[in-house]
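> In the working numbering, the protein residues as written are 93 to 221. The C-beta atom is built at its ideal place from N, Cα and C for all residues, glycine as well. Before I ask anything, let me first share the structure, which is written out below as structure tokens.
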């Protein structure tokens, strides 16, 4: 029932089974999350495909030369039953800044570092490392 958790689970399962691509049902929030993952170098590429319904996001995963996934882990932080929020001063860090936190703010979906730069807080969606 949680679309963001579904996105993260599909990417996690595809990476563990060494798939090159994975298709995910599309939404605006999911597209923004996947866009951030591409900008930060966790996935190779993505395409939004029209299927006559809600659309699909085709995500191409990224692997190292020894065929290990670039994504070490994905974790949903704020859940529908328990929302987790942060202020501009309390943006969480993953692995002492080596990972990535994705936050939904009033200015859009962005990384934790960008939240600190813009002085925005919001709902902590997920963490990636």
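Quick check: does the Cβ of residue 172 come within less than 7 angstroms of any heavy atom belonging to the ligand NAP?
This structure lacks the ligand NAP; in fact it carries no ligand of any kind.
> Are there three or more Cβ pairs, one per stretch, closer than 8 angstroms when the region 200–216 is compared with the region 143–155?
As far as the Cβ criterion goes, the region 200–216 does not touch the region 143–155, which means the pair count is below three.
> Determine whether the beta carbon atoms of residue 220 and residue 129 lie at a separation below 8 angstroms.
Working through the chain shown from its first residue, we reach residue 220 at position 128. Working through the chain shown from its first residue, we reach residue 129 at position 37. Yes; because the gap between Cβ atoms is below 8 angstroms, this pair is in contact.
> Straight-line CA distance for residue 207 to residue 159?
Residue 207 sits at position 115 when you count from the first residue of the chain shown. Residue 159 sits at position 67 when you count from the first residue of the chain shown. Whole-angstrom Cα-Cα distance: 33 angstroms.
> Less than 8 angstroms between the CB atoms is what I'm expecting for residue 122 and residue 149, so what's the real figure, rounded?
Reading the chain shown from its first residue, position 30 is the one you call residue 122. Reading the chain shown from its first residue, position 57 is the one you call residue 149. Right, their Cβ atoms sit about 6 angstroms apart.
> Hey, is the region 174–188 in contact with the region 131–151, meaning 3+ C-beta pairs nearer than 8 angstroms?
No contact exists between the region 174–188 and the region 131–151.
> Starting from the N-terminal side, write out each stretch of the beta strand (DSSP E) that is 3 residues or longer and does not extend beyond the region 175–221.
Here the runs fully enclosed are 192–197, 200–203, 214–220.
> Helix, strand or coil for residue 156 per DSSP?
Numbered from 1 along the chain shown, position 64 holds the residue referred to as residue 156. Here residue 156 sits in coil by DSSP.
> Among 137, 108, 112, 142, which residue has its Cα nearest to the Cα of residue 119?
For the purposes of this step, residue 119 is taken as the residue at position 27 of the chain shown. Of the listed residues, the one whose Cα sits closest to residue 119 is 142.
> Please state whether the Cβ-Cβ distance between residue 102 and residue 116 is less than 8 angstroms.
Taking the chain shown and counting its residues from 1, one reaches residue 102 at position 10. Taking the chain shown and counting its residues from 1, one reaches residue 116 at position 24. Yes, they are a contact pair.
> Below 7 angstroms CB to CB, which residues in the same chain sit around residue 151 once its five sequence neighbours on both sides are set aside?
Working through the chain shown from its first residue, we reach residue 151 at position 59. So the list reads 103, 113, 114, 116, 126, 135, 138, once near-sequence residues are dropped.
> So for residue 112, helix, strand or coil by DSSP?
Along the chain shown, one-based indexing puts residue 112 at 20. Residue 112: coil per DSSP, three-state reduction.
> Are residue 96 and residue 175 closer than 8 angstroms when you measure CB to CB?
For the purposes of this step, residue 96 is taken as the residue at position 4 of the chain shown. For the purposes of this step, residue 175 is taken as the residue at position 83 of the chain shown. No.
> Quick check on the DSSP output: the beta strand (DSSP E) that includes residue 139 runs from which residue to which?
Indexing the chain shown from 1 puts residue 139 at position 47. Start and end: 135–141.
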